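Single-structure report; data block below.
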Amino acid sequence: MDILAAKVIAAGLCMGIGSIAPAIAEGMVASKAMEAIGRNPAVSDKIIPNMVVAMAICESTGIYALVISLIILFAV
Amino acid sequence: MLNIQLPAKALFAIGPLTITDAMLATMVMSTIIIVFALWFSRTIKLIPGRTQVALETIQGFWHKQASAAFGDEEVVNAVLPLFLTLFILLVVANQFALIPLAGAMLFGDSLAFRTPTSDISHTIALAIAMIGFAHVIALTVHPIAHIGNFIKVKPLFMARSFPQLGNALLEIFLGLLDIIGECAKILSLSGRLFGNIFAGDVMVLVIASLAAATAYIVPIPFMFLSLFSGFVQAAVFTMLSMLFIAGTSSGHLKERIHAKS
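Just so you know, the sequences run in chain order L and B. My numbering applies: residue 51 is where the first sequence begins, and numbers increase by one. My numbering applies: residue 2 is where the second sequence begins, and numbers increase by one.
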């Protein structure tokens, strides 16, 4: 196989498979936050910043996949 | 293929020191922050203006977070400048692309500036500084005890029977895993920030170069997304390094500060 084709396929697979779990995790964080806001709307100001930070941390495995695929594409 | 480079481009060299475009951007950015800080520290008033209110809000937010992480008020006052500096540096660094014309200036025949945090050397350096700070503080206060947290030979000498010996060997193995865990902290902190910021830049570049029609208005929502993630990642980096430092050396910091006073 051509090396460029292999790189592109590897980067695509890395991103596609690697973004499944973070997406599920972020959805869970968001759904729990929405539940909490639904139960007690008065504290939504406190929940939203915490939710954003928790989402950013959940996102990190997806970002690692992104870094790997960028390294595959542009650095190797 | 677009002109996207993962390592920063070397521009020129001063002796053995190679200056890259990210380093140049970092220096310009630090100069801006230092000049602003010097100017602003002269205009602080008892009745705050708008800028002062905004900065005091940021300071209050981080003071609250640091109080929750460290507990002790004197420790918080001692370490808060470090985290505020880190946060301000990262906020300005992540939004470097928004400075007008900074992305278009040329040095020789290549671009002079690049978003500082989209160079992995920069984020790795910051992460090593943060994790290293925690370990240096812990090592200066209780060197033997801190090394003992990672190379756990103590249960080996206290073992009296074969099951205890097995547990002691397991403890040593887990201690070695903790050393790898510390290195993984550096990698995860730096990789998260670098990935977000670099991906934001690449995304805007890709969208802008898709077609002639998408070069001007279409990238704006994506720029807004990378602006937002720049703020969030600056906060996350600062918060995580605060938690790591508090987890490793909160007690050590307390002893050190109380011993001084």
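Where a beta carbon is used, it is the ideal one built from N, C-alpha and C, also for glycine. Model, not experiment: these values are computed from the prediction.
Contact under 8 Å by Cβ, residue i with residue j
| i | j | result |
| --- | --- | --- |
| residue 88 of chain B | residue 67 of chain B | no |
| residue 153 of chain B | residue 245 of chain B | no |
| residue 192 of chain B | residue 230 of chain B | no |
| residue 236 of chain B | residue 70 of chain B | no |
| residue 91 of chain B | residue 238 of chain B | yes |
| residue 142 of chain B | residue 257 of chain B | yes |
| residue 60 of chain L | residue 122 of chain L | yes |
| residue 182 of chain B | residue 113 of chain L | no |
| residue 117 of chain B | residue 27 of chain B | yes |
| residue 147 of chain B | residue 157 of chain B | no |
| residue 212 of chain B | residue 115 of chain B | no |
| residue 135 of chain B | residue 249 of chain B | yes |
| residue 86 of chain L | residue 97 of chain L | yes |
| residue 151 of chain B | residue 180 of chain B | yes |
| residue 30 of chain B | residue 103 of chain L | no |
| residue 205 of chain B | residue 222 of chain B | no |
| residue 12 of chain B | residue 124 of chain L | no |
| residue 80 of chain L | residue 51 of chain L | no |
| residue 5 of chain B | residue 203 of chain B | yes |
Chain L contact for residue i (CB, 8 Å cutoff)
| i | result |
| --- | --- |
| residue 60 of chain B | no |
| residue 252 of chain B | no |
| residue 6 of chain B | yes |
| residue 240 of chain B | yes |
Inter-residue Cα distance where the pair is residue i and residue j
| i | j | result |
| --- | --- | --- |
| residue 190 of chain B | residue 45 of chain B | 34 Å |
| residue 95 of chain L | residue 54 of chain B | 20 Å |
| residue 104 of chain B | residue 155 of chain B | 56 Å |
| residue 108 of chain L | residue 76 of chain L | 6 Å |
| residue 127 of chain B | residue 120 of chain L | 21 Å |
| residue 118 of chain L | residue 64 of chain L | 8 Å |
| residue 188 of chain B | residue 97 of chain B | 23 Å |
| residue 63 of chain B | residue 218 of chain B | 36 Å |
| residue 53 of chain L | residue 116 of chain L | 20 Å |
| residue 144 of chain B | residue 254 of chain B | 13 Å |
| residue 194 of chain B | residue 174 of chain B | 31 Å |
| residue 23 of chain B | residue 171 of chain B | 45 Å |
| residue 120 of chain B | residue 74 of chain L | 29 Å |
| residue 149 of chain B | residue 207 of chain B | 50 Å |
| residue 110 of chain L | residue 228 of chain B | 17 Å |
| residue 199 of chain B | residue 159 of chain B | 51 Å |
| residue 40 of chain B | residue 47 of chain B | 16 Å |
| residue 32 of chain B | residue 25 of chain B | 11 Å |
| residue 34 of chain B | residue 86 of chain B | 10 Å |
| residue 49 of chain B | residue 72 of chain B | 28 Å |
| residue 61 of chain B | residue 123 of chain B | 27 Å |
| residue 69 of chain L | residue 165 of chain B | 43 Å |
| residue 111 of chain B | residue 232 of chain B | 28 Å |
| residue 52 of chain B | residue 74 of chain B | 26 Å |
| residue 91 of chain L | residue 226 of chain B | 26 Å |
| residue 100 of chain B | residue 106 of chain B | 11 Å |
| residue 133 of chain B | residue 243 of chain B | 12 Å |
| residue 38 of chain B | residue 95 of chain B | 18 Å |
| residue 261 of chain B | residue 178 of chain B | 35 Å |
| residue 67 of chain L | residue 99 of chain L | 28 Å |
Beta carbon proximity, residue i to chain B, threshold 8 Å
| i | result |
| --- | --- |
| residue 107 of chain L | yes |
| residue 8 of chain L | A query on residue 8 of chain L cannot be resolved here, the shown segment of chain L reaching from 51 to 126 and no further. |
| residue 103 of chain L | yes |
Check: residue i C-beta below 7 Å from any heavy atom of the ligand ATP
| i | result |
| --- | --- |
| residue 85 of chain L | You won't find the ligand ATP in this model; it holds no ligand whatsoever. |
Item checked: Length at least 4, wholly inside the segment 120-162 of chain B: the alpha helix (DSSP H) runs in chain order -> 121-142, 144-151, 155-159
Check: When Cβ atoms are compared, which residues of the segment 109-123 of chain L fall closer than 7 Å to chain B?
Finding: Using a CB distance below 7 Å, the part of the segment 109-123 of chain L facing chain B consists of 110, 113, 114, 116, 117, 120, 121, ordered along the chain.
Margin query: For the segment 187-200 of chain B, list every residue whose C-beta sits within 7 Å of some C-beta in chain L, in sequence order.
Written below: 189, 192, 193, 195, 196, 197, 199, 200
Checklist line | chain L contacts from the segment 226-238 of chain B (Cβ-Cβ distance under 7 Å) | finding: 233, 234, 236, 237
Note to self: As an exercise, report each continuous beta strand (DSSP E) stretch of at least 3 residues that is fully enclosed by the segment 183-245 of chain B, in chain order.
What the structure shows: none
Check: For the segment 16-88 of chain B, which segments carrying the alpha helix (DSSP H) assignment without a break, of at least 4 residues, lie completely within its bounds, in sequence order?
Finding: 22-43, 51-71
Notebook entry, point to check: Of all the alpha helix (DSSP H) runs that stay within the bounds of the segment 93-122 of chain L, which reach a length of 4 or more residues?
Noted result: 94-108, 110-120
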